[in-house]
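Asker:
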Amino acid sequence: MPDDTVIFAYHHSIGDGQSGLAFHHSLLSALNKPHDTAADPQDVIPIPSSHVLRPPVENLTNVSVSFKTLCRTFYDSLCPESWTAGFKAWTLDPVAKEPNLQVDLRLWEIPAADVTDLLQTCREHGTTLTGALYALAVKTMSRVYSETEPTQPRRFTTMHIVVAVSLRRFTGTSALHMCDEVSAHYSYPPLLHPSSNRSLSPESFPWVAAAEYSSTLRKGVKPSREVVGTIRYLYSLGISKQYFLGMLGQKRGFTLEISNVGQFPSDTTVDHAEKPWSIGSMHFGQCDAVTGGLKLSLVGSPSGTVNVVFSWGKGSVEEAVADSFVIGFKQGIASILAKSET
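Those letters in the sequence shown? Residues 0 to 341, by numbering that gives the first Met the number 0.
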């Protein structure tokens, strides 16, 4: 693009979040190692025969489903909806019946100095950045729900949050490969009562909840492989199409999806004259889907900043609700940074 912005768009069926980093790493490497002679723009670029696609994830790691998980899956599929954990979960607006490609985005850059303070504060409280963001999201979403439905008794008591989990640690796949090796961790945190949901201050940030979720997520990474194994049963039973299409027009499965793809590596050992091309800032976002009504996507830029993209599809959530969440989330991060400065 004219402003030196490169956009790489791809479907989740061929690549996970870290595949975006792999593409930009490959592009940057190619720009900094050009051929001596320029190629004809009309030439067909041959793909080396040595390049092969990664095998399916189920061939690289154990995705077998435990008896407990299998029973729970069948139970949720066959029992009345009012008996399921998701019945009392606030998941924003229903899934659209007809596909809609319009997506709203809010881009936010956290400066490198603030990122350093943020990570240090997280370590001091025994949590990861993802754990802190999760706890903040629960706090913020609870406040938004209180504003949306202030009367008692409230229809919903929980929310459903999904956090993306990379399976590359189990498959041995390099960060430079483009593939789809991802699963997720699911949770139903309670919607906090309005009396405990006042504006955050340096003293009231939910660090205990952040540390607890970090521990829970750490323990849940390995079992998350069962999600992939469970999906295989849909195809084995021949019900995959009706399962996925059956979500259209129905209550949304998740309130919020959090994806943190990590930091794009910076090469500070090479002189700029040797590698004139570089990436200054990077954003990672997602289109609308039948999953979380709101998506919270993070990536670290080579400069040390962390860029956050809030995204939601038209009809997934009211814009006023989404903007209220974005504003509250930013204020929550500011409260952490205020604590780190005291």
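In this text, a Cβ means the ideal position worked out from N, Cα and C, and glycines have one as well.
Nearest CA to the CA of Ala88: which residue from Arg251, Gly303, Val308?
Answerer: For the purposes of this step, residue 88 is taken as the residue at position 89 of the sequence shown. Nearest of Arg251, Gly303, Val308 to Ala88, Cα basis: Arg251.
Asker: Run through DSSP, which three-state label would Ala111 get?
Answerer: The residue labelled residue 111 in the question sits at position 112 within the sequence shown. DSSP places Ala111 in helix when its eight states are reduced to three.
Asker: Does the distance from the CB of Leu247 to the CB of Lys96 come in under 8 Å?
Answerer: As a position in the sequence shown, residue 247 is number 248, starting the count at 1. As a position in the sequence shown, residue 96 is number 97, starting the count at 1. Their beta carbons are under 8 Å apart, which means Leu247 touches Lys96 by this criterion.
Asker: For Ala29, name the three-state secondary structure that DSSP assigns.
Answerer: As a position in the sequence shown, residue 29 is number 30, starting the count at 1. Three-state result, Ala29: helix.
Asker: Put Gln285 into one of helix, strand or coil per three-state DSSP.
Answerer: As a position in the sequence shown, residue 285 is number 286, starting the count at 1. Coil, per DSSP.
Asker: Would you check if the distance between the CB atom of Ser165 and the CB atom of Glu180 is smaller than 8 Å?
Answerer: Position 166 of the sequence shown, counted from the start, is the residue given in the question as residue 165. Position 181 of the sequence shown, counted from the start, is the residue given in the question as residue 180. Yes, the pair counts as a contact, with Cβ atoms nearer than the cut-off.
Asker: From the DSSP output, in three-state form, read off His10 for me.
Answerer: On the sequence shown, position 11 is the one that residue 10 refers to. His10 falls in the coil class under three-state DSSP.
Asker: Count the other C-beta atoms from every protein chain shown that fall within 10 angstroms of the C-beta of Ser310, then say buried if there are 16 or more, exposed otherwise.
Answerer: Position 311 of the sequence shown, counted from the first residue, corresponds to residue 310. Buried is the call here.
Asker: Using the Cα positions of Pro152 and Ile6, report the straight-line distance between them to the nearest angstrom.
Answerer: What you label residue 152 is simply residue 153 of the sequence shown in a count that begins at 1. What you label residue 6 is simply residue 7 of the sequence shown in a count that begins at 1. Each residue's alpha carbon lies about 46 Å from the other.
Asker: Keeping to the same chain, check which residues put their C-beta closer than 8 Å to that of Tyr242; ignore five residues upstream and five downstream.
Answerer: Taking the first residue of the sequence shown as 1, we reach residue 242 at position 243. Closer than 8 Å at Cβ, skipping near neighbours: Leu233.
Asker: My output table needs one value for Asp3: the three-state DSSP class, helix, strand or coil.
Answerer: The residue you call residue 3 lines up with position 4 of the sequence shown. Asp3 falls in the coil class under three-state DSSP.
Asker: Under three-state DSSP, which class holds Lys87?
Answerer: What you label residue 87 is simply residue 88 of the sequence shown in a count that begins at 1. Residue state, collapsed to three classes: helix.
Asker: Where does Thr172 fall in DSSP's three states?
Answerer: As a position in the sequence shown, residue 172 is number 173, starting the count at 1. Residue state, collapsed to three classes: coil.
Asker: Rounded to whole angstroms, what's the CA-CA distance from Leu91 to Gly331? Just pull it up for me.
Answerer: As a first step, residue 91 must be located in the sequence shown, where it is residue number 92. As a first step, residue 331 must be located in the sequence shown, where it is residue number 332. Their Cα atoms are separated by approximately 21 Å.
Asker: Using C-beta distances below 6 Å, list every residue in its chain close to Val162, excluding the 5 sequence neighbours before and after it, in chain order.
Answerer: Within the sequence shown, residue 162 is the residue found at index 163, counting from 1. Here the set comprises His184, Ile257.
Asker: For Tyr187, does the three-state DSSP call read helix, strand or coil?
Answerer: Here residue 187 corresponds to residue number 188 of the sequence shown, with the count starting at 1. Tyr187: coil per DSSP, three-state reduction.
Asker: Count the other C-beta atoms from every protein chain shown that fall within 10 angstroms of the C-beta of His159, then say buried if there are 16 or more, exposed otherwise.
Answerer: Within the sequence shown, numbered from 1, the residue matching residue 159 stands at position 160. Counting Cβ neighbours within 10 Å, His159 comes out buried, since at least 16 surround it.
Asker: Helix, strand or coil for Glu180 per DSSP?
Answerer: Counting from one through the sequence shown, the residue named residue 180 turns up at place 181. Glu180 falls in the coil class under three-state DSSP.
Asker: Using 8 Å as the threshold, is the segment 219 to 230 in touch with the segment 53 to 65, meaning 3 or more CB pairs across them?
Answerer: Yes, the segment 219 to 230 is in contact with the segment 53 to 65.
Asker: Can you give me the Cβ contacts of Gly16 inside the same chain, cut-off strictly under 6 Å, excluding the 5 residues immediately before and after it?
Answerer: In the sequence shown, residue 16 corresponds to position 17, counting from 1. Excluding residues within five positions, the ones whose Cβ falls inside 6 Å are Ser258, Val260.
Asker: Which residue's Cα is closest to the Cα of Leu293: Glu57, Arg168, Glu317?
Answerer: Counting from 1 along the sequence shown, the entry for residue 293 is found at position 294. Selected option, being the one with the closest Cα: Glu317.
Asker: Buried or exposed: where does Arg142 fall if 16 or more other Cβ atoms within 10 Å of its Cβ makes it buried?
Answerer: Taking the sequence shown and counting its residues from 1, one reaches residue 142 at position 143. It counts as buried.
Asker: Here's the rule I'm using: 16 or more other beta-carbon atoms within 10 Å means buried, otherwise exposed. How should Thr315 be labelled?
Answerer: The residue you call residue 315 lines up with position 316 of the sequence shown. Note that residue 315 corresponds to Ser in the displayed sequence, not to Thr. Buried, since its Cβ has 16 or more Cβ neighbours within 10 Å.
Asker: For Lys218, count neighbouring Cβ atoms within 10 angstroms of its own Cβ and tell me buried if that reaches 16, exposed if not.
Answerer: In the sequence shown, the residue the question calls residue 218 occupies position 219. Classification of Lys218: exposed, given that the 10 Å Cβ count is below 16.
Asker: Assuming Ser296 and Val305 make a contact with CB atoms under 8 Å, what is their CB distance in whole Å?
Answerer: Counting from one through the sequence shown, the residue named residue 296 turns up at place 297. Counting from one through the sequence shown, the residue named residue 305 turns up at place 306. Actually they are not in contact, since the Cβ atoms of Ser296 and Val305 sit about 11 Å apart, beyond 8 Å.
Asker: Evaluate Ile343 with the Cβ neighbour count: other Cβ atoms within 10 Å of its Cβ, from every protein chain shown; 16 or more gives buried, anything less gives exposed.
Answerer: Because the chain spans 0 through 341 in this model, residue 343 falls outside it and cannot be assessed.
Asker: Which of helix, strand or coil does DSSP assign to Ala131?
Answerer: Here residue 131 refers to the residue found at position 132 when the sequence shown is read from its first residue. Ala131 falls in the helix class under three-state DSSP.
Asker: His176: which of Val114, Met0, Pro33, Gly19 sits nearest, CA to CA?
Answerer: Translated into the one-based positions of the sequence shown, residue 176 becomes position 177. Cα-wise, what sits closest to His176 is Gly19.
Asker: What residues match up with Arg154 in a beta bridge as DSSP calls it?
Answerer: By one-based count along the sequence shown, residue 154 stands at place 155. Answer by DSSP bridge pairing: none, since Arg154 is not bridged.
Asker: Based on Cα-Cα distance, which residue from Tyr187, Ala288, Thr172 lies nearest to Tyr212?
Answerer: The sequence position of residue 212 within the sequence shown is 213, counting from 1. The shortest Cα separation from Tyr212 among Tyr187, Ala288, Thr172 belongs to Tyr187.
Asker: Quick check: the Cα distance between Glu202 and Lys138, rounded to an integer number of angstroms?
Answerer: Residue numbering aside, residue 202 sits at position 203 when the sequence shown is read from its first letter. Residue numbering aside, residue 138 sits at position 139 when the sequence shown is read from its first letter. C-alpha separation (whole angstroms): 14 Å.
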